[in-house]
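**Q** With the first letter of the sequence shown counted as 1, position 48 gets the number 724 in the working numbering; the numbers rise by one all the way through. For each residue, glycine too, the CB sits at the ideal point set by N, CA and C. Since the structure is predicted, the reported quantities are computational estimates derived from the model, not experimental observations.
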Amino acid sequence: RITIPLKEGIITADNTFQRCKKLKHVDLVEEAVLSDTIAALLSEEWKNDMDREIEAINQILPNTLAGNWENNEDVGGKALVIRMWIASVLHKIVHYKAQHRNILNEAATTL
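(1) So Leu780 is in the alpha helix (DSSP H); what residue range does that whole segment cover?
(2) Helix, strand or coil: how does DSSP classify Thr688 here?
(3) Keeping to the same chain, check which residues put their C-beta closer than 7 Å to that of Asp690; ignore five residues upstream and five downstream.
(4) Among the candidates Ile779, Arg777, Val765 and Ala774, whose CA atom is the shortest distance from the CA of Glu707?
(5) With the cut-off set at 9 Å, would you say Leu682 and Val705 are in Cβ contact?
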């Protein structure tokens with residue numbers, strides 16, 4: 677289990693988790709702040725999508741190869757899937773926050 681910030685570029689090397697077969701769970705440093713942001717979204721669908729996206733890494737990691745002791749070039753895929761997951765979570769939250777802001781702006785304009 678690791679705890680990391682939700683920030684692109686935090687894991688740069690493919691071999692960061694090489695041979696870490698027991699790495700099966702990721703916690704986020706700012707999980708409470710992210711949860712508050714998600715709770716403030718207007719759509720239940722958006723909230724549910726974000727919750728699924730955040731939890732997805734903990735479904736993927738247990739089945740992701742960690743690399744090989746005998747072959748130093750076999751770095752496994754844990755660092756890659758964590759990087760892809762971070763990018764996906766960040767992309768979605770930015771997208772939903774923009775949609776949220778647009779809806780609020782449209783509502784304010786019609787008043």
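**A** Taking the geometry as given:
(1) Lys754 to Thr786
(2) coil
(3) Val751, Ala755 and Leu756
(4) Val765
(5) yes
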